[in-house]
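Chemist: Below is a structure I'd like to ask you about.
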Amino acid sequence: MQNRSVKLEFCKEYVKEARKLNIHIKSEYSLLREINQFAPIVHLFWAIFNLYCEKETLAIMDCGAYARDRLALYYQSRSIILER
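The opening residue of the sequence shown carries number 18 in our numbering; numbering runs sequentially from there.
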């Protein structure tokens, strides 16, 4: 989900459903900010996982290339972690 408007729409619906369950979320914008702060960690996790797969398996897909892509995304977005 890279498109901001799609993410925001998802967050609006999520907050609406959470409120029905008496789960307080400040706003869809605060939820989106929190989600975005975890994105770099997710990229790093998948990079490490795919490096492991590249080493340990005869995978059909090119795990090394996918790991490099995820590492690039991590380095591109890691400044988000420090914004908090």
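Virtual Cβ for every residue (Gly too), placed ideally from N, Cα, C.
Are there 16 or more other CB atoms within 10 angstroms of the CB of His41, so buried, or fewer, so exposed?
Modeler: So His41 ends up on the exposed side.
Chemist: Quick one: grab the DSSP three-state call for Arg95.
Modeler: Residue state, collapsed to three classes: coil.
Chemist: Out of Arg85, Glu30, Ser47, which one is the CA nearest neighbour of Leu61?
Modeler: Nearest C-alpha to Leu61: Arg85.
Chemist: Out of Lys33, Tyr46, Tyr91, state which residue places its alpha-carbon closest to the alpha-carbon of Trp63.
Modeler: Closest by alpha carbon: Tyr91.
Chemist: Return the chain-ordered list of same chain residues with a C-beta closer than 8 Å to the C-beta of Met18, the five sequence neighbours on each side being excluded.
Modeler: With a pLDDT of only 48 at Met18, under 50, the local geometry of the prediction cannot be trusted, and the value read off the model is given with reservation. Excluding positions up to five away in sequence, the list reads Lys24, Phe27.
Chemist: For chain B, is any of its Cβ atoms less than 8 Å away from the one on Ile97?
Modeler: Considering every chain present, this structure includes no chain B. It has just one protein chain.
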